[in-house]
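Taken in order, the sequence shown gives residues 1 to 369; the numbers are from this note's numbering.
All C-beta atoms in this analysis are idealised placements derived from N, C-alpha and C, irrespective of residue type, glycine included.
A quick note: this is a predicted structure, and the numbers were derived from the prediction, not measured.
The structure under discussion appears below in the form of structure tokens.
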Amino acid sequence: MTAAMKKIAVLPGDGIGAEIVAQALRVLRALAPLGLRIETIEAPVGGTAYELSGDPLPTATLDLARSADAILFGSVGGWQWDKLARDKRPEQAILGLRKALGLFANLRPAVIYDELAAASTLRPELVSGMDVLIIRELTGDIYFGQPRGLRTNASGEREGFDTMHYAESEIRRIARVGFEAARKRQRRLCSVDKANVLETSQLWRDVVTEVAADYTDVALSHMYVDNAAMQLLRNPRQFDVIVTGNMFGDILSDEASMLTGSIGMLPSASLDAHGKGLYEPIHGSAPDIAGRDIANPLATILSAAMLLRYSLGEEKFALSIERAVRRVLQQGLRTADIAQPGETSIGTCAMGDAVVAAVVAAAGERDDA
Ligand code: NAD
């Protein structure tokens, strides 16, 4: 029986968004003759959508995103929209999509490609082979807790306050995402909190430990966030999957991504409770290089691989894309952002060409190759 056709909403956005998403689409389409059944529908988002309709997240775009099985997102933003009222800014589109679609789990792999290890801020021997998946809760914690605000206290001094807050159900569902992801990898999950100081974190630790009873095949450990920040620099290879709250994840995922040395290489996924997700590179719209065919499309291409893995259940095709990316790097192909001094670089489209060629070759290989 042939698999049902899956619908992907394609939202290229602004700046380099259209250039990099075009390459990811070419790679996905190259898998069609090998059995991948997808239909792609494109819609405007961000500043591009604002110019067309006065709204960075038009209803038609949101409806398309709601009805799709997954969303491939480029990036939004640009200096020409920076002075708009906050609710009209391109960046509101991504926040609006997260909220409307209930995308509570942010997955960010930080993988070192040995060919690029010299670009890391750590010595190559420390990062070589690093492959960490950071899972950050995205819709709770101190960023959304109430009450919050600014006030003047009894002695006339201004003070600011925020509330760290997690409900048991919010912790339980992100913990499950962590355990499920670990099951697809090396079966090791490290939960990061600050349970020695924070009540919210003590609840976090208790609930994650309770959920572990359903995942006896996954080794669970707990780590305080200050130690985790230190361990990521000391020995990042000790980690497989890290699960943590919104604020700690915000900081640790940026730290981990820097260890890989290349913003143009890192994909991400934001998932809802049913595995539907929005997939995007972690970088922004890079207006400084837009329209020049020099942007690195690999983070977006790797985001498409995550889309196949987490929303479409197409592990085999996801692996084909990831192998293809490794292969083009092994061939010495580099866009300008990842080229070392003295190395020649190729453009966005040429990098897309190389991955398309490699993906077809990789798809023909055995799964355990
Ligand atoms: P940025 O990530 O766009 O760019 C930072 C630097 O990295 C720039 O020098 C850029 O040229 C380079 N760079 C980024 N991606 C690259 C790629 N694929 N290939 C080669 N070089 C790349 O961050 P910024 O300059 O701070 O922000 C630009 C705009 O992007 C802003 O409007 C910001 O709000 C927006 N932004 C959007 C998202 C998103 O859509 N999710 C995320 C971050 C920033």
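{"Check": "Please find out if some non-hydrogen atom of ligand 1 comes closer than 7 Å to the beta-carbon of E91.", "Outcome": "yes"}
{"Check": "What runs of the beta strand (DSSP E), each 3 residues or longer, lie entirely inside the segment 236-321?", "Outcome": "241-244, 267-271, 277-281"}
{"Check": "Who are the near neighbours of E168 in its chain, counting only those whose CB is closer than 8 Å to its CB and skipping five residues on each side?", "Outcome": "L203, V207"}
{"Check": "According to DSSP, is T410 helix, strand or coil?", "Outcome": "Residue 410 lies beyond the residue range present for the chain, which begins at 1 and ends at 369; the question has no answer from this structure."}
{"Check": "Are there 16 or more other CB atoms within 10 angstroms of the CB of F248, so buried, or fewer, so exposed?", "Outcome": "buried"}
{"Check": "Any idea if E125 is buried or exposed, counting beta-carbon neighbours within 10 angstroms, 16 or more meaning buried?", "Outcome": "exposed"}
{"Check": "Around the C-beta of N227, are 16 or more other C-beta atoms found within 10 angstroms, so that it is buried, or is it exposed?", "Outcome": "exposed"}
{"Check": "Please give the ranges of any alpha helix (DSSP H) in the segment 166-213, keeping only runs that are unbroken, at least 4 residues long and fully inside the region.", "Outcome": "168-183, 199-212"}
{"Check": "Relative to the alpha-carbon of R292, which residue among V192, G347, L189 has its alpha-carbon at the smallest distance?", "Outcome": "G347"}
{"Check": "Taking the continuous alpha helix (DSSP H) assigned at Y113, which residues delimit it?", "Outcome": "Segment: none, Y113 is in no alpha helix (DSSP H) and carries neither H nor E."}
{"Check": "Going by Cα to Cα distance, which pick from S155, V325, S120 is closest to G233?", "Outcome": "A small fix is needed here, since residue 233 is Leu in this sequence, not Gly. Selected option, being the one with the closest Cα: S120."}
{"Check": "For I294 versus V27, is the C-beta spacing smaller than 8 Å?", "Outcome": "no"}
{"Check": "Between the segment 86-102 and the segment 273-283, do three or more beta carbon pairs fall short of 8 Å?", "Outcome": "yes"}
{"Check": "Straight-line CA distance for A18 to M5?", "Outcome": "24 Å"}
{"Check": "Check D141 in the structure and name its three-state DSSP category.", "Outcome": "helix"}
{"Check": "Taking P124 as part of the alpha helix (DSSP H), name the residues at either end of that continuous run.", "Outcome": "124-127"}
{"Check": "With 16 as the cutoff for other CB atoms within 10 Å, does S221 come out buried or exposed?", "Outcome": "exposed"}
{"Check": "Please state the DSSP three-state secondary structure of T40.", "Outcome": "strand"}
{"Check": "Tell whether a beta-carbon distance below 8 Å holds between L252 and V218.", "Outcome": "no"}
{"Check": "Distance, Cα to Cα, D254 vs V76?", "Outcome": "19 Å"}
{"Check": "Taking all protein chains shown into account, decide if G342 is buried (16 or more other Cβ within 10 angstroms of its Cβ) or exposed.", "Outcome": "exposed"}
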